[in-house]
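Everything in the sequence shown is counted per my numbering, starting at 1033 for the first residue and increasing by one.
The block underneath contains the structure these notes are about, expressed in C-alpha cells.
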Amino acid sequence: MSSAPSSEKPSQDRDQETSRVLHTKTLSSPHGYVHLELASDGPQEIQLDNILAKSYFTAALKQYLGLMGEAMRIDILKTTKEACWVRLPKEDLLSFCAAVTAYGGVTEGNTRYILRVQTCSDWLGPLTDDRWQDSPE
C-alpha cells in the first residue's frame, strides 16, 4: 500500500494565506512649515520680530496672490534676530514659498531687506536644529 501525498498544506502556509491587512494608515501632517532668514545688503541692521515678519508675508502674498494671499492663515512659531519659523496649511505651502521668493523685499534708506526661504517641509522636525534653541545674546 502506498500512501498518496496529502493535499493539506503545512499549518505555516495556511496561516500566511488567511492573514489579511485590515487597515492601513499613512501619516500626513495638515500643516506645512517654513524656516526663513532675513538678509540685507547694507550697513543698517534690523531685528526681525513678529510684526515685521507678518507685514512682510502680507505684502509678498498680496503682490503674488492678491486677496487670496492676504487671507492665508499663517502662524508665526518663533522669531529670532535674523530668522523665523512659520506654520501654514499644507495646501498653501508652495504658494507661500513662491510668493516670498518672488517678492523684491523692503527698502529702508539705502538698505534692502529680504526674507529668504531656507527650508520648507511637511514636518517641523527637519527644520529644527541648533538655531531653534534659545541662545544667550
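Using N, Cα and C, we set each Cβ at its ideal position, and we do this for glycine too.
Alpha-carbon spacing of residue i relative to residue j, whole angstroms
i, j, result
"ILE1078", "GLU1069", "12 Å"
"GLN1085", "SER1060", "Correcting the residue type first, residue 1085 is Ala in the shown sequence and not Gln. Their backbone Cα atoms lie some 27 Å apart in a straight line."
"PRO1168", "CYS1116", "Residue confidence is low: PRO1168 scores 48 on pLDDT, short of 50, so the model does not pin down where it sits. Its coordinate-derived value is still stated next. About 17 Å."
"ASP1124", "THR1050", "44 Å"
"LEU1147", "THR1160", "18 Å"
"ALA1131", "ILE1083", "18 Å"
"PHE1089", "LEU1126", "14 Å"
"LYS1057", "CYS1129", "29 Å"
"ARG1052", "LEU1093", "48 Å"
"THR1151", "MET1104", "19 Å"
"ASN1173", "SER1087", "Nothing in the structure corresponds to residue 1173, since the chain is present only between 1033 and 1169."
Test item: CB-CB of residue i and residue j under 8 Å
i, j, result
"LYS1122", "ASP1154", "yes"
"ALA1071", "TYR1135", "no"
"THR1133", "VAL1149", "yes"
"TYR1145", "GLY1137", "yes"
Residue i at chain B interface by Cβ criterion, 8 Å
i, result
"TYR1088", "Of the chains in the structure shown, none is chain B; there is only one protein chain."
Paired residues, beta bridge with residue i - DSSP
i, result
"HIS1055", "Paired residues: none, contrary to the question."
"GLU1140", "THR1143"
"ILE1078", "According to DSSP, ILE1078 bridges with nothing at all."
"TYR1096", "Answer is none; TYR1096 lacks a bridge partner."
"GLU1123", "Its beta-bridge partners do not exist; DSSP assigns none."
Nearest-angstrom Cβ-Cβ length linking residue i and residue j, presumed shorter than 8 Å
i, j, result
"GLU1140", "GLN1076", "7 Å"
"ILE1108", "LEU1120", "Contact flag wrong, Cβ pair sits at about 10 Å."
"LYS1110", "LEU1080", "Between LEU1080 and LYS1110 the Cβ distance is about 11 Å, and since that is not below 8 Å, they are no contact."
Between the segment 1052 to 1066 and the segment 1089 to 1103, do three or more beta carbon pairs fall short of 8 Å?
-> Flag = no, the segment 1052 to 1066 and the segment 1089 to 1103 do not touch.
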